[in-house]
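To keep things clear, I will list the structure first and then write my remarks on it.
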Amino acid sequence: MRRIALIAVAGCLVAAGCSSTAEAPEGTSGDTAPPAAVEPTAEMAAPTAEMAVEPTADAAPAMAKVSANDATEEELIAAFTAAGIDNAEQWADEVVEYRPYAADDPNFTVLREELAKYNPAPGVIDQIVAVLEP
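Using this note's numbering, you'd call the opening residue of the sequence shown number 18 and step up by one each time.
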């Protein structure tokens with residue numbers, strides 16, 4: 018009987034130690050109010066050279082444009098592939114086929130009309146034109 022009583026007492030002590038209610042540490046009120054806001058000081062507000070953020074390798078570089086009139090088909094394929102355009106080979110072939118493009122038409126109106134004949138997915142023509150320059 019004593020053995021059962023000792024096991025029961027030990028079990029209660031273990032359970033008490035695992036309870037989810039915690040008492041506030043000595044010297045604290047036990048409330049969970051958030052800390053008061055800190056007023057900024059001149060030292061906190063002034064940026065320093067150490068605070069400057071250097072660009073990382075993960076930063077997206079600016080998209081390099083290629084000439085719709087002068088780029089080789091391989092250069093067009095590479096540019097379209099880098100821009101994430103599906104079927105880059107087909108679109109490069111079409112860009113080459115419909116040359117030359119007017120230098121005063123940066124929107125590539127004629128090219129847009131020609132490419133639309135192939136019923137590309139929405140946004141593909143805009144992606145292609147975004148990579149090109151006259």
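In this text, a Cβ means the ideal position worked out from N, Cα and C, and glycines have one as well.
DSSP bridge partner residues for residue i (one or two, in chain order)
i           : result
residue 149 : 83
C-beta atoms of residue i and residue j nearer than 8 Å
i           : j           : result
residue 105 : residue 90  : no
residue 111 : residue 132 : yes
residue 80  : residue 141 : no
residue 102 : residue 145 : yes
residue 128 : residue 135 : no
residue 125 : residue 85  : yes
Coarse secondary structure for residue i, derived from DSSP in three states
i           : result
residue 110 : helix
residue 125 : coil
residue 102 : coil
residue 133 : helix
residue 119 : coil
residue 75  : Per-residue confidence for residue 75 stands at a pLDDT of 49, beneath the threshold of 50, marking its modelled position as unreliable; no derived number is given.
Boundaries of the alpha helix (DSSP H) in which residue i is found, first to last residue
i          : result
residue 94 : 90 to 99
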